[in-house]
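Structure, as structure tokens:
There are 2 protein chains.
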Amino acid sequence: MARPTSKDVARAAGVSQAAVSLVLGDKWRGRVSGTTADRVREAARHLGYRPNLAARNLRLGRTRTALLVVPALTNDFFARVYTGAARKAAEHDFGVVLYPSPEGLGPAKDPFASARAALDGVIASSMAARTLTALHGADLPLVMLDSDPTDPTAGAHVNLDVADGMRQITEHLLALGHRHFLHLAADIDSWTFAARARAIQDTLHAAPDTTLRTAPAPLSTTYSRAAATQALTAPGSRPTAVICDGDTIAAGACKAARRLGLRVPEDLSVTGFDDLALATAVDPELTTVHLPAERVGERGMEALTTLLDGHTPTGTALPTQLVIRDSTAPPPS
Amino acid sequence: MARPTSKDVARAAGVSQAAVSLVLGDKWRGRVSGTTADRVREAARHLGYRPNLAARNLRLGRTRTALLVVPALTNDFFARVYTGAARKAAEHDFGVVLYPSPEGLGPAKDPFASARAALDGVIASSMAARTLTALHGADLPLVMLDSDPTDPTAGAHVNLDVADGMRQITEHLLALGHRHFLHLAADIDSWTFAARARAIQDTLHAAPDTTLRTAPAPLSTTYSRAAATQALTAPGSRPTAVICDGDTIAAGACKAARRLGLRVPEDLSVTGFDDLALATAVDPELTTVHLPAERVGERGMEALTTLLDGHTPTGTALPTQLVIRDSTAPPPS
DNA sequence: CCCTGGAAGTTTTACGTATAACGTCGCCTC
DNA sequence: GAGGCGACGTTATACGTAAAACTTCCAGGG
């Protein structure tokens, strides 16, 4: 037999379809007797009734579904953001559908066409936002993750205190005695990376006799290695510490250093960012900044639901935490 | 103004709602004149009309949405499976919604409740399937990934030739001169890992004077390291090669070896499996087996659509490929 | 005895779409 | 000039649900 509808349940219970809707929607008090309600519930259970979501969504005009826009899932930061968002969503009886990297999906597709489910709102990471001109004009509630807090196009922001993370990293290296730094900066034009660079500069500015050089690097272990090699062999003062915008870059930098005959951390300290699974897989394990990725996802979802309730979410930046592992040490004397 | 409906478009174009549906559904040939069709399209474009998917799904009785069930997205194998499935889905004008690790989502939730979108079919990885008793009885078309091909509960299978991958790895090590092996086996009861173990045994069985020991290891770099240390220091013959069921285990094994004073690959060869991003991030880069993860996702989606068309998908196992990197070498003399 | 009001339902309607079924007109054929 | 037929539409209906509006019955108060 085909999937049972509320009408089938009604027939089985000997009531009208409306009564079934009232009972199962838990709006029956004062409208249906307790015994009848029980009878309806029993019939529904027996038939294995599941409401047709398409019909419900059509009727209610909302879907309890959010779109999460991320640049790529193979980055486990975003995978964790998704996990957090999905968990929180489940609490609110919401669903989350993903719109991953347009690169991965071929020709720039309309995200709202790609997400077959109709949407109640959108949560977008800043790194993905640049590809999403389509977001404007869709007038859906929008929550932005780790993006410029002054950007008014978003209904809400969930921010990470990446500047504080970079400050912690830099001060950790300063405390170890480092004075000459190389910043391998992600070659992506994004608020979060700009904020990280500024934090390094600000922190070093307050410290005497320090030098900082910056080189761009792709966010990929394989390709960042070449960038690191080049930056480390460039003429000029040799850095004793390399600050990377991400763990993947740091992994590439470690390899580059080793090929140049530099031991990490004895001859060169290297720091990561993000605290990906990779950070503890490489040897030495990376000193890095832990980002509460799942909390970002949770907060994003929370912000979206408060937005949908007509309120304005309050936004404090989520803290980031320096994690000291084995890739940093005092500079060689 | 609220979101425009097909009725609004009809009014703007001076036609009936049915005509709008015909034109936009591209079923207008012989029913509507070309000029009228153009007028309708122009009106739709001008109003920014987007069909209400809930209504369409209700009307058509299907959603063009598939559920992909994976154990965890933080494993980039599954992230790539998703990417492949989503890309292929887009071609077929389908959507993919995820049901990730029940562990990640808290108390075992009904996957079909969690996916707010109604579903046309399910694609499930074997590693996730054990948690999905709910799949049975849902009588949705089901495609199983990398699972026991003789299992009849699935409508279709997409298989990886993991046995051949393990055979390639083992023969590579044999060719290098290794005779004494340690297999760090994933501590998960799943068809794919059983097949891998069998392949190692079969291959070594055909080679003279070889020994094989097996030890269980968790699929996590951090925890597998302890398992590797224990297995490597256990009394008895010392292996010269460690075959791991996954790259994460291999990364842990490399660290364990180094702490024991063994250089990789000079003193001990270590092999991975899966070819995750991690495989090229660690130093030395791992000799491993590349799995065409995105192709798995694509084939899964293809199988589902042929299933939905009422046909029986043909199933040949996808090939796996040995990738020789820097973690294997001849055994020490 | 009538009137009010609440309990326990039912009938009806609307959500937006796709499509089957039904008109109407003009032209061509026999 | 009757009949047919293709082009160009329109009208009507169904999908499954939620909820507003309506009905019926009965108890209790004045």
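From first to last, the protein sequence lines are chains R and E.
With this note's numbering, the residue at position 12 of the first sequence is 12, and numbering never jumps.
With this note's numbering, the residue at position 24 of the second sequence is 1024, and numbering never jumps.
Every residue, glycine too, gets a C-beta built ideally from N, C-alpha and C.
All figures in this text were calculated on a predicted structure; none of them were measured in a lab.
With a CB to CB cut of under 6 Å and the five nearest residues on each side skipped, what residues in its chain are close to residue i?
i       : result
V1143/E : I1123, A1156, G1300, A1303, L1304
A1217/E : L1184, S1224, A1227, I1249
A37/R   : V23, W28
T1335/E : Since the first and last residues shown for chain E are 1001 and 1333, residue 1335/E lies out of range.
G1315/E : H1157
P4/R    : L47, Y49
S16/R   : A10
M1166/E : R1196, A1199, I1200
Q321/R  : H290
P1149/E : H1157, N1159
D187/R  : P216, P218
Which two residues bound the contiguous beta strand (DSSP E) that contains residue i?
i       : result
V1343/E : Because chain E here runs from 1001 to 1333, residue 1343/E falls outside it and cannot be looked at.
L145/R  : 142-145
L1098/E : 1095-1099
L1322/E : 1321-1323
G121/R  : 121-125
A241/R  : 241-244
Given this structure, state the Cα-to-Cα distance separating residue i from residue j, to the nearest angstrom.
i       : j       : result
S237/R  : T210/R  : 11 Å
A1293/E : T1074/E : 14 Å
A1163/E : A1257/E : 26 Å
D267/R  : V97/R   : 46 Å
V23/R   : V32/R   : 8 Å
R11/R   : N1057/E : 25 Å
L173/R  : W191/R  : 24 Å
H1290/E : G1261/E : 29 Å
E1091/E : S1006/E : 25 Å
V242/R  : L219/R  : 15 Å
E171/R  : P332/R  : 18 Å
G348/R  : R1041/E : Past the boundaries of the shown model lies residue 348/R; chain R is included only from 1 to 333, so the question cannot be answered.
K88/R   : N1052/E : 26 Å
P1279/E : V20/R   : Position check: residue 1279/E holds Ala in this sequence, whereas Pro was assumed. Taking the straight line from one Cα to the other gives about 56 Å.
G1084/E : F1273/E : 19 Å
T1233/E : P1152/E : 43 Å
A1044/E : T1221/E : 54 Å
G106/R  : A1086/E : Interpretation of G106/R is limited by its pLDDT of 44, a score under 50 that renders its predicted location unreliable; the figure taken from the coordinates is listed afterwards. Between G106/R and A1086/E, the C-alpha separation is close to 10 Å.
A1251/E : A54/R   : 46 Å
D309/R  : A18/R   : 27 Å
Y82/R   : P1208/E : 50 Å
T318/R  : A1002/E : The question names Thr, but residue 318/R is Leu in the sequence shown. Going by the C-alpha atoms only, they are around 36 Å apart.
Quick one: residues in its chain with C-beta nearer than 8 Å to the C-beta of residue i, no 5 flanking neighbours on either side, listed in chain order?
i       : result
F78/R   : V70, P71, A72, S125, A293
V264/R  : C254, A257, R258, V270, P284, S327
A1277/E : D1076
Provide the residue span of the alpha helix (DSSP H) that contains residue i, from first to last.
i       : result
T1214/E : Careful: T1214/E lies outside any alpha helix (DSSP H), inside the beta strand (DSSP E) at 1211-1217.
S190/R  : Per DSSP, S190/R belongs to no alpha helix (DSSP H) and is neither H nor E.
S1224/E : 1221-1233
Quick one: list the residues of chain R neighbouring residue i, beta-carbon separation under 7 Å, in chain order.
i       : result
Y1082/E : L73
A1186/E : Those within 7 Å of A1186/E in chain R number zero; the least Cβ separation is about 16 Å.
A1079/E : L73, T74, A79
T1271/E : Under the 7 Å cutoff, chain R gives no residues; its nearest Cβ is about 16 Å from T1271/E.
Can you list the residues of chain E that residue i reaches, using a CB-CB cut of under 8 Å?
i      : result
N52/R  : L1058, A1118
R258/R : D1283
C254/R : D1283
For residue i, which residues of its own chain have a beta-carbon under 7 Å away from its beta-carbon, when the five flanking residues on both sides are left out?
i       : result
T1063/E : N1057, A1117, A1118, L1119, D1120
D1202/E : none
A1329/E : L1176, P1265, E1266, S1269
I169/R  : I243, T271, V289, L322
L1311/E : The question names Leu, yet the displayed sequence has His at residue 1311/E. Cβ within range, chain order: n/a, list empty.
For residue i, which residues in chain E fall below 7 Å Cβ to Cβ?
i      : result
T280/R : T1221, T1222
Measuring from the CB of residue i, is there a heavy atom of the ligand ATP at a distance below 6 Å?
i       : result
L1024/E : Looking at this structure, you won't find the ligand ATP or any other ligand, since it has none at all.
Chain R partners of residue i, CB-CB under 9 Å?
i       : result
K1027/E : Those do not exist, as K1027/E stays about 19 Å from chain R at its closest Cβ, beyond 9 Å.
So which residues of chain E does residue i contact, with C-beta pairs closer than 9 Å?
i      : result
T248/R : A1277, A1281
T63/R  : L1053, A1054, R1116, A1117
For residue i, go through chain R and note every residue whose CB falls closer than 8 Å to its CB, in chain order.
i       : result
T1305/E : Those within 8 Å of T1305/E in chain R number zero; the least Cβ separation is about 14 Å.
Restricting to runs no shorter than 3 residues, where is the beta strand (DSSP E) found entirely within the stretch 1161-1186 of chain E? 1180-1186
Just list the alpha helix (DSSP H) runs in the stretch 1246-1306 of chain E, keeping only unbroken ones of 4 residues or longer that don't cross its boundaries, in chain order. 1247-1259, 1277-1281
Report the residue ranges of all beta strand (DSSP E) runs contained in full by the stretch 1001-1086 of chain E; include only those spanning at least 3 residues, in chain order. 1065-1069
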